[in-house]
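Data block below; observations after.
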Amino acid sequence: MGLLQFLQKIEPDKKKSPFLHTLYDGFFTFAYAPNTVTKSGTHIQDGMDLKRTMFIVVIAMQLCYLFGTYNIGHQHFAALGEHTSFLSGFHLKLVYGLMKLLPLFVVANVVGLGVEFIYAAKKGHPIEEGFLVSGALIPLIMPPDLPLWILAVSVIFAVVLGKEAFGGTGMNIMNVALLSRVFIFFAYPTYISGDEVWISGIMKEGTEYMGASYGMIHGVFDWIFGGLGWSTFGEGGAAVIDGYTGATPLGLAAKGGWEAVTDVYSPAQMWWGAIPGSIGEVPKLFIIIGAVMLVGAKIASWRIMVSMFIGACVGGMLINLWGANPFMEVHWLNHFYMGSFFFAMAFMATDPVTAARTQTGKWVYGFLIGVVGMVIRVLNPAYPEGWMLAILFMNVFAPLIDYYVLEANVARRLARAKTSSAVGMEQAEPQLTVSEH
Amino acid sequence: MRDKIAKIGAVLPLFFLSSQLSAQTIFLASGAEILPYALILIVAILILGAVYLVSESFVRMEARELGVDTAKNNFSILPNSNELFGGKVGGPAAGQNIIYLKKGFDINLEGAAEYTVDENASVSRFAVQPKNFIGMSPIPKVEVSVGDEVQAGDVLFFDKKNPDVKYCSPVSGEVIEVNRGTKRSIAEIVLLADKEMKYRALPQFDMENASRAELISYMQDTGAWAHIRQRPYNIVADANVTPKAIFVSTFDSAPMAPDLDIIIAGRGKEFQVGLDVLNKLTPGKVHLGLNAKDTDPSPVYEEATGVEKHWIHGPHPAGNVGVQIHHIDPINAGEKVWTVGVQDVATIGSIFLEGIYDAERVVAITGAELVQPKYVTTYLGANIGDLLANNVKGDNVRMISGDVLSGKKKESKEFLDFFDDQLSVIAEGNEYEMFGWLAPQSPRPSISPTFLSNLIGSTYTANTNTHGERRALVVSDQYEQVMPMDIYPQHLVKSILVNDLERMEGLGIYEVVEEDVALCEFVCTSKQPVQEIIREGLTTMMDQE
Numbered sequence: 001m002g003l004l005q006f007l008q009k010i011e012p013d014k015k016k017s018p019f020l021h022t023l024y025d026g027f028f029t030f031a032y033a034p035n036t037v038t039k040s041g042t043h044i045q046d047g048m049d050l051k052r053t054m055f056i057v058v059i060a061m062q063l064c065y066l067f068g069t070y071n072i073g074h075q076h077f078a079a080l081g082e083h084t085s086f087l088s089g090f091h092l093k094l095v096y097g098l099m100k101l102l103p104l105f106v107v108a109n110v111v112g113l114g115v116e117f118i119y120a121a122k123k124g125h126p127i128e129e130g131f132l133v134s135g136a137l138i139p140l141i142m143p144p145d146l147p148l149w150i151l152a153v154s155v156i157f158a159v160v161l162g163k164e165a166f167g168g169t170g171m172n173i174m175n176v177a178l179l180s181r182v183f184i185f186f187a188y189p190t191y192i193s194g195d196e197v198w199i200s201g202i203m204k205e206g207t208e209y210m211g212a213s214y215g216m217i218h219g220v221f222d223w224i225f226g227g228l229g230w231s232t233f234g235e236g237g238a239a240v241i242d243g244y245t246g247a248t249p250l251g252l253a254a255k256g257g258w259e260a261v262t263d264v265y266s267p268a269q270m271w272w273g274a275i276p277g278s279i280g281e282v283p284k285l286f287i288i289i290g291a292v293m294l295v296g297a298k299i300a301s302w303r304i305m306v307s308m309f310i311g312a313c314v315g316g317m318l319i320n321l322w323g324a325n326p327f328m329e330v331h332w333l334n335h336f337y338m339g340s341f342f343f344a345m346a347f348m349a350t351d352p353v354t355a356a357r358t359q360t361g362k363w364v365y366g367f368l369i370g371v372v373g374m375v376i377r378v379l380n381p382a383y384p385e386g387w388m389l390a391i392l393f394m395n396v397f398a399p400l401i402d403y404y405v406l407e408a409n410v411a412r413r414l415a416r417a418k419t420s421s422a423v424g425m426e427q428a429e430p431q432l433t434v435s436e437h
Numbered sequence: 001m002r003d004k005i006a007k008i009g010a011v012l013p014l015f016f017l018s019s020q021l022s023a024q025t026i027f028l029a030s031g032a033e034i035l036p037y038a039l040i041l042i043v044a045i046l047i048l049g050a051v052y053l054v055s056e057s058f059v060r061m062e063a064r065e066l067g068v069d070t071a072k073n074n075f076s077i078l079p080n081s082n083e084l085f086g087g088k089v090g091g092p093a094a095g096q097n098i099i100y101l102k103k104g105f106d107i108n109l110e111g112a113a114e115y116t117v118d119e120n121a122s123v124s125r126f127a128v129q130p131k132n133f134i135g136m137s138p139i140p141k142v143e144v145s146v147g148d149e150v151q152a153g154d155v156l157f158f159d160k161k162n163p164d165v166k167y168c169s170p171v172s173g174e175v176i177e178v179n180r181g182t183k184r185s186i187a188e189i190v191l192l193a194d195k196e197m198k199y200r201a202l203p204q205f206d207m208e209n210a211s212r213a214e215l216i217s218y219m220q221d222t223g224a225w226a227h228i229r230q231r232p233y234n235i236v237a238d239a240n241v242t243p244k245a246i247f248v249s250t251f252d253s254a255p256m257a258p259d260l261d262i263i264i265a266g267r268g269k270e271f272q273v274g275l276d277v278l279n280k281l282t283p284g285k286v287h288l289g290l291n292a293k294d295t296d297p298s299p300v301y302e303e304a305t306g307v308e309k310h311w312i313h314g315p316h317p318a319g320n321v322g323v324q325i326h327h328i329d330p331i332n333a334g335e336k337v338w339t340v341g342v343q344d345v346a347t348i349g350s351i352f353l354e355g356i357y358d359a360e361r362v363v364a365i366t367g368a369e370l371v372q373p374k375y376v377t378t379y380l381g382a383n384i385g386d387l388l389a390n391n392v393k394g395d396n397v398r399m400i401s402g403d404v405l406s407g408k409k410k411e412s413k414e415f416l417d418f419f420d421d422q423l424s425v426i427a428e429g430n431e432y433e434m435f436g437w438l439a440p441q442s443p444r445p446s447i448s449p450t451f452l453s454n455l456i457g458s459t460y461t462a463n464t465n466t467h468g469e470r471r472a473l474v475v476s477d478q479y480e481q482v483m484p485m486d487i488y489p490q491h492l493v494k495s496i497l498v499n500d501l502e503r504m505e506g507l508g509i510y511e512v513v514e515e516d517v518a519l520c521e522f523v524c525t526s527k528q529p530v531q532e533i534i535r536e537g538l539t540t541m542m543d544q545e
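Protein sequences appear in the order of chains A and B.
So for the first sequence, our numbering puts the first residue at 1; every next one is plus one.
So for the second sequence, our numbering puts the first residue at 1; every next one is plus one.
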């Protein structure tokens, strides 16, 4: 208990330095579950709290983090024609991926938590755990080469306008992680769409693509790897392989249909995730494992996941039926190989704060995300993906869906009252005369 | 069943796509080809369903003409829900109409009372607490003063707003204290009980020839009336109201709750007379909720006459009378129903059967912090310190009148509340726990599967720690898991917080009281005071009337 007493001793004064106290409180309650006891109402409470809930969501993302990090490096080297087999050059790919991912993660969390801490101190409430999940999600949905200042601006936008303006965790209308992405999408579109942003460290000069040269830190690692007798990064600036475009499967499908995709990527490759894309969206199986974890832990709603899947199937079929261009003719099942459907389904649509809050509402909400997302993906001329916009769109409509579900409940109650009073009159009358005399 | 199917559905994409991976050559019809077939299939199902419904109603009409009971027999080619799930319940409820509740949660706490009734407990002090009666003015008119000798059944006080209803002494003895609370309110009237009870002799009541009004005034004078509560709001019954029905729940499903079969043992006659009296008070029915478990409920309940019996099957809060009302004959806006506890029914019965106000109570003393959890025979409003004498293990404990979910926190100098037949003693949890939110150092009850001890299904020694700090509502769907009513608790809570009266009424505030939403508060990840909020809403609605 020495640590506990030490921590209690260094507690800053709440009035004199509210910011420090908020910071302290955040870390103290992280280290020690507080000693508060129930006052009124129930005398015992469930062991579950928001910290644990959020932490389990973060755990469920870890496979995506592992794979995504490595895949940054793999895509980089594969584009240059070096270490093309998935596991060769393991140390180089891992180091390369980490050097891309860690700055994104640190910036997203430092900026986001910083904003949270300031607001918590100003409002005088404890730090809420909401950003624990948002901060873990944001790096996963960004392209690896995103400039850090853009990330910082987008996170500030998302947390301040998306969340704190509404009153903090639990009060926001739209998904915070997706808001930060949509901010970049509209404010700096060239950094997050098109063919060129999904593979890290490739530059375009004129019409030619070539690898960027490596920096100083790569040099340090080269010194270590060279000493170990392993392969090294080298100078960089090498030419890319023949026929390189950097396009994602969806980018290819939008231009030339399913054939154009399978010319470059095999379905198995897309399934396992060794393809370019946002950092965390690619490994479908690992995302599904995360989804199963969340459903098993009863944290994410299986209703939303199932109905979103059904919605995407129906949307895909309808578009197949239309079939006006090669992209529309891509088989609806093949759509699940491409893009970020599973990531959106597992981690984005199921955000309990912004989703519909009633069970019936969840079915409708998920289904509509599925249909709308598929429609945006295929019919949007500029950008072949739709889940981000579909989820944000349905976030706005979720309260409306709930409103109608509740109205139905109210109507049921009124209908019940009507039939009951009709029956009650018949029963009550003869009895009442008896009791009066 | 439906839940399971949908859960499998959630994993289906995984199997679906991995099977594709292993066999790339699998036949793929394109969406354009599948959709017409799917539409044809849907239409076919709809037509078949329509044919099924029409033919079934023809069979029913025929059966009604032939005089066969259409409610009890199944005429469909498909099994009804009873036949599908009814197999689970054996025992006396088998073959009866059973109300199955799936939602809810049984909190298995260590420390349920052993099946021994201690008849020699030395409880000397008793109290009646006006604040136990919701809606009563804080300063009632006290009819006795300190030092007075009273008999069991003598009037102690009455509400100035409602002077007809008398509140009577549960024991005979001396009035030793009239304690006042905040703003000079009367907190408790304390009695030092005699060794041998002396009862006020009550006038005989002629049940056959009396009118309802005479019956009511007799019950008000003899103290029986205070035992009847009225919903909505859980207030003392209003004699000007004709309730549409009266409800008695004969089992308690709360954590460590007393077995009401033991509590009623030997008082079957009083119970039956009490039910007969209640029957005179309502033009509707007296409903008795019975526990559809494998073993027989007490014959007192099972063989009760003049009442409509309903078998209820499911986890807590299945035993709550509010949940039973919701499924038997729900309270609509403007309607009133009355509820009575089983020992209260017996007390009412004793007035008519023996002419005395017999407030004897069997109380379950429960909790993991006790040396010996047991049942004790005593009287209404027993002193907690006396009940617990030499029976508590530690110092750092919380004493609760009632169950751990909706009881009231008490000190040992205080008394059991008027309607409570349980005293719970659990450990206080006022200790820091290192990384307690992540890696709990002791098993704790939870509906979350993330606690591994839940999967084993053990019993727990819970303490009063909140296990987390209060937050805004984040998680949805959680209250619904433990709420076996057609009510959206989270939205009801929100409508109360924004004081939207119309919405509160629409979402069913009349159908709940604190105990019905207690589990919602227990499971709440954001640690919101749900019961407090619900009472706030009820008070708001009461003020509107």
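Even glycine gets a Cβ: it sits at the ideal position worked out from N, Cα and C.
Use the C-beta contact count for residue i: other C-beta atoms within 10 angstroms, 16 or more gives buried, fewer gives exposed.
i: Pro373 of chain B; result: buried
i: Asp516 of chain B; result: buried
i: Gln528 of chain B; result: buried
i: Phe435 of chain B; result: exposed
i: Gln8 of chain A; result: exposed
i: Lys148 of chain A; result: Residue 148 of chain A is actually Leu in this sequence, not Lys. Answer is exposed; the Cβ neighbour count stays below 16.
i: Gly130 of chain A; result: buried
i: Gln75 of chain A; result: buried
i: Ala234 of chain B; result: According to the sequence displayed, residue 234 of chain B carries Asn and not Ala. Asn234 of chain B is buried by the Cβ-count criterion.
i: Asp212 of chain B; result: According to the sequence displayed, residue 212 of chain B carries Arg and not Asp. Classification for Arg212 of chain B: buried.
i: Ser495 of chain B; result: buried
Starting from the beta carbon of residue i, find every residue of chain B whose beta carbon is closer than 7 Å, and list them in chain order.
i: Val439 of chain A; result: Not covered by the structure: residue 439 of chain A. The range shown for chain A is 1 to 437.
i: Tyr244 of chain A; result: Ordered by position in chain B, no residue passes the 7 Å Cβ test against Tyr244 of chain A, which lies about 26 Å from the chain.
Note down the Cα distance separating residue i from residue j, rounded to an integer number of angstroms.
i: Ser448 of chain B; j: Val523 of chain B; result: 9 Å
i: Gly112 of chain A; j: Phe67 of chain A; result: 24 Å
i: Ala417 of chain A; j: Ala333 of chain B; result: 7 Å
i: Phe341 of chain A; j: Ser307 of chain A; result: 13 Å
i: Ile45 of chain B; j: Leu39 of chain B; result: 10 Å
Is it true that the CB of residue j sits closer than 7 Å to the CB of residue i?
i: Leu50 of chain A; j: Arg471 of chain B; result: yes
i: Gly274 of chain B; j: Lys244 of chain B; result: no
i: Val178 of chain B; j: Leu191 of chain B; result: no
i: Ser424 of chain B; j: Thr466 of chain B; result: no
i: Val362 of chain B; j: Thr250 of chain B; result: no
i: Ala346 of chain A; j: Ile299 of chain A; result: no
i: Cys520 of chain B; j: Pro484 of chain B; result: no
i: Val182 of chain A; j: Met374 of chain A; result: no
i: Glu270 of chain B; j: Gly355 of chain B; result: no
i: Val588 of chain B; j: Thr339 of chain B; result: As shown, chain B starts at 1 and ends at 545. That puts residue 588 of chain B outside it, with no answer to give.
List, in order along the chain, the chain A residues whose C-beta lies closer than 7 Å to that of residue i?
i: Met434 of chain B; result: Ala31, Tyr32
Starting from the beta carbon of residue i, find every residue of chain A whose beta carbon is closer than 9 Å, and list them in chain order.
i: Glu606 of chain B; result: Outside the shown range of chain B, which is 1 to 545, sits residue 606 of chain B, and nothing can be said about it.
Could you list which residues in chain A have their beta carbon closer than 8 Å to that of residue i, in chain order?
i: Ile400 of chain B; result: His43
Counting only runs of 3+ residues fully inside the region 310 to 345 of chain B, write out the beta strand (DSSP E) ranges in chain order. 337 to 339
To test your reading of the DSSP string, which unbroken alpha helix (DSSP H) runs of 4 or more residues are found completely within the region 206 to 270 of chain B? 212 to 222, 260 to 264
Ranges of the beta strand (DSSP E) found wholly within the region 377 to 401 of chain B, counting only runs of at least 3: 397 to 401
Which residues, taken in chain order from the region 121 to 137 of chain A, show a beta carbon closer than 9 Å to some beta carbon of chain D? Looking for chain D here will not work: the only protein chains present are A and B.
3 or more residues per run - each beta strand (DSSP E) lying fully within the region 397 to 482 of chain B: 397 to 401, 408 to 410, 422 to 427
Considering only residues of the region 275 to 299 of chain A, which uninterrupted alpha helix (DSSP H) runs meet the minimum length of 4 residues and lie entirely inside it, listed in chain order? 284 to 296
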